[in-house]
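Colleague: Start counting the sequence shown at 5; every next residue gets the next number (the numbering used here). Ideal Cβ positions, reconstructed from N, Cα and C, are used throughout, including at glycine.
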Amino acid sequence: MAYRDLREFVAALERAGELRRIPVEVDPVLEVTEITDRVSKQGGPALLFERVKGSSMPLLINAFGSPARMTLALEVKRLDDLAAELQEILELKAPDGLLAKLRMLPKLQELAAAFPKVVKDGPCKEVVVRDNPSLAGLPILQCWPQDAGRYITFPLVFTKDPETGVRNCGTYRMQVFDERTTAMHWHIQKGGAAHYRKARRQGRRVEVGVAIGADPAVCFAGTLPLPEGIDEMLVAGFIRKQPVELVRCETVDVEVPAYAEIILEGYVDTEELRREGPFGDHTGFYSLADDYPVFHLTCVTRRRDPIYHTIIVGRPPMEDCHMAAAIEQIFLPVMRKQLPEIVDFHMPFEGIFHNLVLVSIDKQYPGHARKVMHALWGLGQAMVSKVIVVVDRDVNIRDYSEVTWKALNHIDPQRDIEFVLGPVETLDHASRLPKYGSKMGVDATRKWPERTPRLQRNCRGADPLRARAGSSEPTSHIGELCVLGERRSSRGTLAESTTRHRA
Numbered sequence: 005m006a007y008r009d010l011r012e013f014v015a016a017l018e019r020a021g022e023l024r025r026i027p028v029e030v031d032p033v034l035e036v037t038e039i040t041d042r043v044s045k046q047g048g049p050a051l052l053f054e055r056v057k058g059s060s061m062p063l064l065i066n067a068f069g070s071p072a073r074m075t076l077a078l079e080v081k082r083l084d085d086l087a088a089e090l091q092e093i094l095e096l097k098a099p100d101g102l103l104a105k106l107r108m109l110p111k112l113q114e115l116a117a118a119f120p121k122v123v124k125d126g127p128c129k130e131v132v133v134r135d136n137p138s139l140a141g142l143p144i145l146q147c148w149p150q151d152a153g154r155y156i157t158f159p160l161v162f163t164k165d166p167e168t169g170v171r172n173c174g175t176y177r178m179q180v181f182d183e184r185t186t187a188m189h190w191h192i193q194k195g196g197a198a199h200y201r202k203a204r205r206q207g208r209r210v211e212v213g214v215a216i217g218a219d220p221a222v223c224f225a226g227t228l229p230l231p232e233g234i235d236e237m238l239v240a241g242f243i244r245k246q247p248v249e250l251v252r253c254e255t256v257d258v259e260v261p262a263y264a265e266i267i268l269e270g271y272v273d274t275e276e277l278r279r280e281g282p283f284g285d286h287t288g289f290y291s292l293a294d295d296y297p298v299f300h301l302t303c304v305t306r307r308r309d310p311i312y313h314t315i316i317v318g319r320p321p322m323e324d325c326h327m328a329a330a331i332e333q334i335f336l337p338v339m340r341k342q343l344p345e346i347v348d349f350h351m352p353f354e355g356i357f358h359n360l361v362l363v364s365i366d367k368q369y370p371g372h373a374r375k376v377m378h379a380l381w382g383l384g385q386a387m388v389s390k391v392i393v394v395v396d397r398d399v400n401i402r403d404y405s406e407v408t409w410k411a412l413n414h415i416d417p418q419r420d421i422e423f424v425l426g427p428v429e430t431l432d433h434a435s436r437l438p439k440y441g442s443k444m445g446v447d448a449t450r451k452w453p454e455r456t457p458r459l460q461r462n463c464r465g466a467d468p469l470r471a472r473a474g475s476s477e478p479t480s481h482i483g484e485l486c487v488l489g490e491r492r493s494s495r496g497t498l499a500e501s502t503t504r505h506r507a
């Protein structure tokens with residue numbers, strides 16, 4: 005049975021011994037982060053801080069911070085089970101007979117149940133604040149000492165494409181400027197940023213609904229690097245085997261999860277930018293300050309006793325690392341659908357998602373590894389991968405010792421390392437320019453004779469035919485044409501020569 009909301013997941017964590025309640029008061033400025041960072045690095049449990057200074061709301065953190073909690077969140081015994089289900093759906097083919105159609109019905113019914121549905125009301129509207137809405141009562145964290153302020157770090161930001169109306173949900177941090185405004189940290193390659201650019205061309209605002217604290221499938225779906233136009237709530241429905249119920253916001257034309265804990269409604273003015281950052285990011289370094297759009301709060305709706313769900317990021321391993329590991333494992337079938345030669349795909353924690361990608365392939369021809377590198381650099385979020393290492397199918401890319409051994413024995417640095425320029429992760433502080441820099445691909449596969457020089461020959465007609473055409477023996481028309489074309493080229497076209505010869 006799917007979790008209806010975040011609090012059902014909290015209860016499941018507690019039953020499984022994966023949750024620790026903290027009854028003493030803690031400060032959301034730095035103290036929560038210090039405690040959580042230590043617990044996270046030691047592989048500790050999810051934490052529910054019951055008393056947070058300056059707020060009446062309990063604070064949940066590190067909820068997804070282990071492989072065990074990820075499987076509990078997604079309600080599977082193994083993440084491979086969910087990957088297998090996705091693989092089965094991707095391989096569905098149109099049935100060619102009545103019996104095949106009948107066999108497909110259960111799977112089609114399961115898929116139909118994944119589509120989100122809009123309902124009239126929901127628990128997220130138990131309290132509605134239209135007049136003078138404020139962020140002041142939320143236990144929003146300042147995570148690290150040199151952060152520019154407090155940040156909402158796990159917001160599920162809902163927008164609509166201004167041209168198509170297609171929904172997008174993404175997680176974009178929101179620096180609090182005051183009680184009514186925040187930054188909206190939209191990276192250029194994100195769906196929300198695409199909606200922002202379209203709205204700006206049209207001279208329109210972007211209407212926004214922000215959910216804080218939803219059921220785990222919705223939270224997880226909001227972090228996924230899905231292709232443009234794929235509804236994250238559809239994927240959440242597939243994961244939870246039930247449709248996500250959505251409710252319309254009070255002041256903007258956006259639908260949000262009906263069972264969320266807190267909803268922030270508002271808009272982004274496409275003509276307004278404000279300096280955001282620095283922020284201690286998942287790289288383990290502070291991201292630089294830059295100008296970002298501004299979110300204006302117009303309404304707050306919430307449950308009567310909401311749980312504030314948040315996350316901290318920093319030097320790995322952290323909670324987000326386990327979420328990323330689940331993403332790569334579950335969505336490997338999707339990647340194989342686009343690149344069937346891929347055997348496995350892995351982003352080590354130390355590579356912080358975008359700095360290092362290890363790929364094993366079923367190599368079929370010379371240069372195949374380079375084809376895969378460039379395909380990945382052209383594929384959604386993978387376009388910002390700084391280093392891609394491609395190995396053969398028999399290499400276990402999750403065994404770093406084996407990868408290192410095989411790679412170092414298979415590469416000639418000058419021959420097998422390729423550098424390209426292009427878009428890089430916004431958080432890459434080592435790049436030559438913001439969002440633009442160099443990337444490296446390493447072909448660590450066993451080499452075929454792809455680098456062996458080969459003799460090049462011109463493609464010409466068969467010599468025996470030419471010899472026969474020049475002899476006194478009866479010849480074919482083809483032989484005659486070859487000779488006549490050479491002898492009479494100075495007197496006209498080949499067609500003219502043929503006509504005169506036949507006459």
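1) Bridge partners of E29, per DSSP?
2) Can you give the beta carbon distance from V180 to I144, rounded, assuming they're within the 8 Å contact cut?
3) Take P337 and list the residues in its own chain whose beta-carbon comes closer than 7 Å to its own, dropping the five residues that flank it on each side.
4) Report all residues from its chain with a CB closer than 6 Å to the CB of E130; omit the five preceding and five following residues, and keep chain order.
5) Where does the unbroken alpha helix (DSSP H) through M444 begin, and where does it stop?
6) Which first and last residues belong to the alpha helix (DSSP H) in which S405 is found?
7) Rounded to whole angstroms, what is the Cα-Cα separation between D165 and V122?
8) Measuring straight from C-alpha to C-alpha, what distance separates W148 and L115?
9) Taking buried to mean at least 16 other C-beta atoms within 10 Å of its own C-beta, is V424 buried or exposed?
10) Take F289 and list the residues in its own chain whose beta-carbon comes closer than 7 Å to its own, dropping the five residues that flank it on each side.
11) Does the beta-carbon distance from A215 to V260 come in below 9 Å?
12) What separation, rounded to the nearest whole angstrom, lies between the Cα atoms of R177 and G213?
13) Quick one: Cα of D182 to Cα of L139, how far?
14) Does the stretch 435–445 come close enough to the stretch 355–363 to have 3 or more Cβ pairs within less than 8 Å?
15) Taking the continuous beta strand (DSSP E) assigned at R177, which residues delimit it?
16) Return the CA-CA distance between D324 and C223, expressed in angstroms with no decimal places.
17) By the 10 Å Cβ neighbour count, where 16 or more other Cβ atoms means buried, how is S291 classified, buried or exposed?
18) To the nearest angstrom, report how far apart A329 and E275 are at their CA atoms.
19) Quick check: the stretch 234–244 against the stretch 338–350, are there 3 or more CB pairs under 8 Å?
20) Return yes when the Cβ of A264 is within less than 9 Å of the Cβ of L142, no when it is not.
21) Could you check whether the stretch 194–213 touches the stretch 53–63, counting it as contact only if at least three pairs of C-beta atoms, one from each stretch, sit closer than 8 Å?
22) With the cut-off set at 9 Å, would you say P427 and M377 are in Cβ contact?
23) What is the DSSP secondary structure of L228, counted as helix, strand or coil?
24) Does the distance from the C-beta atom of H189 to that of E280 stay below 9 Å?
25) For L23, which of A15, V30 and E29 has the nearest alpha-carbon?
26) Classify I291 as helix, strand or coil using the three-state DSSP reduction.
27) Find out if the Cβ-Cβ distance for the pair A197, V298 is shorter than 9 Å.
28) Mind checking A373: buried by the 16 CB within 10 Å criterion, or exposed?
Modeller: Reading it off the structure:
1) In the DSSP secondary-structure assignment, E29 is bridged to R55.
2) That belief holds up - the Cβ atoms of V180 and I144 are roughly 6 Å apart, short of 8 Å.
3) Result list for P337: A87, L90, Q91 and L94, in chain order.
4) Exclusion of the five residues before and after E130 leaves R307 and R308 as the residues of its chain whose Cβ lies within less than 6 Å of its Cβ.
5) Annotation for M444: no alpha helix (DSSP H) segment contains it, though the beta strand (DSSP E) segment containing it runs Y440 to D447.
6) It spans Y404 to H414 - the alpha helix (DSSP H) in which S405 sits, taken as one unbroken run.
7) Rounded to the nearest angstrom, the two C-alpha atoms are 18 Å apart.
8) Spanning the two alpha carbons is a distance of roughly 43 Å.
9) Counting Cβ neighbours within 10 Å, V424 comes out exposed, since fewer than 16 surround it.
10) Excluding residues within five positions, the ones whose Cβ falls inside 7 Å are H433.
11) Judged by beta-carbon spacing, V260 lies within the 9 Å limit of A215, meaning their Cβ atoms are closer than that value.
12) Roughly 14 Å between the two C-alpha positions.
13) Distance between the alpha carbons of D182 and L139 is about 8 Å.
14) Between the stretch 435–445 and the stretch 355–363 there are fewer than three C-beta pairs closer than 8 Å, too few to call the two in contact.
15) R177 -> no beta strand (DSSP E), and no H or E assigned at all.
16) Computed Cα separation, rounded: 12 Å.
17) A residue is called buried once 16 or more other Cβ atoms fall within 10 Å of its Cβ, and S291 is buried on that count.
18) Cα-Cα distance, rounded: 37 Å.
19) These segments do not touch.
20) Not a contact, by the Cβ cut-off of 9 Å.
21) At 8 Å Cβ cutoff, the stretches do not touch.
22) P427 is not a Cβ neighbour of M377, given a cutoff of 9 Å.
23) Correct three-state label for L228: coil.
24) Against a cut-off of 9 Å, the Cβ pair of E280 and H189 comes out as a contact.
25) Nearest C-alpha to L23: A15.
26) The sequence as given places Ser at residue 291; Ile does not occur at that position. In the structure shown, S291 sits in a strand (DSSP, three-state: E or B).
27) Not in contact: A197 and V298 (Cβ atoms no closer than 9 Å).
28) Of the other Cβ atoms in all chains shown, 16 or more fall within 10 Å of the Cβ of A373; this residue is therefore buried.
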